[in-house]
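This report concerns only the one structure given below.
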Amino acid sequence: MLQPSDVEWTDPECPVARAADLVGDKWSLLIIRDSLDGKRRFSEYERSLGVAKNILSDRLRLLVDRGVLNRAPNDRGTRSEYQLTEAGRDLFTVILSLRQWGERNAFGAKEHHSVLMDPATGQPVPQLRPLGDSGMELKPEQTLLVKVGQTLPDSSLPPVTGK
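So the sequence shown is numbered by the working numbering: it starts at 6 and just counts up by one.
The structure is reproduced here in structure tokens:
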């Protein structure tokens, strides 16, 4: 569980707000994307992102401090490499969702973009879809946000705690 002491939570009981507080800025998300693509060294991130060294250093430090990346010496012990933690690898579906949203909404009809492929099939990775217990796709209007301390409508269940 990521609970860094340096974060002032925007909305302490909202998982989306907490996630955004931890990793929601552009450079952090792009570093995570590059890490998922196999980049490990400062120079690789710098070359890929074209970001100023001070900003890159700051974001890498924050991602390490917040438990998204580990920093370790490389095989020769001459430089550091960054590796995703389990929490960092858990962000794969977030990055994939952003990618797929971008493919649908951030490009014009004639613009080209990169594609994430399944190497086993040679096909693009299928669109992510939230599924209910029935296996059917859930739409936003088919979900219900229950905040901490609230109970489900018409329910004898205890109040929600989020645990």
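Idealized CB from N, CA, C, for every residue including glycine.
From a predicted model like this one, the values you see are computed outputs, not experimental measurements.
Per DSSP, cross-strand counterpart(s) of Pro129: By one-based count along the sequence shown, residue 129 stands at place 124. Note: Pro129 sits in a beta bridge opposite Met122.
Cα-Cα separation, Thr156 to Leu150: Position 151 of the sequence shown, counted from the first residue, corresponds to residue 156. Position 145 of the sequence shown, counted from the first residue, corresponds to residue 150. Those two C-alpha atoms are separated by around 10 Å.
Contacts around Arg64, its chain only, beta-carbon distance under 7 Å, and the 5 residues preceding and following it disregarded: For this step, residue 64 is matched to residue 59 along the sequence shown. Correct list, in chain order: Trp32, Ser33 and Ile36.
Check whether Glu51 and Leu67 have beta carbons under 8 Å apart: Counting from 1 along the sequence shown, the entry for residue 51 is found at position 46. Counting from 1 along the sequence shown, the entry for residue 67 is found at position 62. No, Cβ-Cβ distance for Glu51 and Leu67 is not below 8 Å.
C-alpha gap between Gln147 and Asn79, whole angstroms: Here the question's residue 147 lines up with position 142 in the sequence shown. Here the question's residue 79 lines up with position 74 in the sequence shown. About 48 Å.
Nearest candidate by alpha-carbon position, reference Asn75, set Gln88, Gly82, Thr83 and Gly137: Looking up residue 75 in the sequence shown gives position 70. Nearest of Gln88, Gly82, Thr83 and Gly137 to Asn75, Cα basis: Gln88.
Unbroken alpha helix (DSSP H) run spanning Ala111, endpoints: Taking the sequence shown and counting its residues from 1, one reaches residue 111 at position 106. Note, Ala111: premise wrong, no alpha helix (DSSP H); not H, not E.
Short Cβ contact (8 Å threshold) for Leu136 with Pro129: Numbered from its first residue, the sequence shown carries residue 136 at position 131. Numbered from its first residue, the sequence shown carries residue 129 at position 124. The Cβ atoms of Leu136 and Pro129 lie no closer than 8 Å to each other.
For Asn59, the three-state DSSP class (helix, strand or coil): Reading the sequence shown from its first residue, position 54 is the one you call residue 59. The answer is helix: DSSP assigns Asn59 an H, G or I state.
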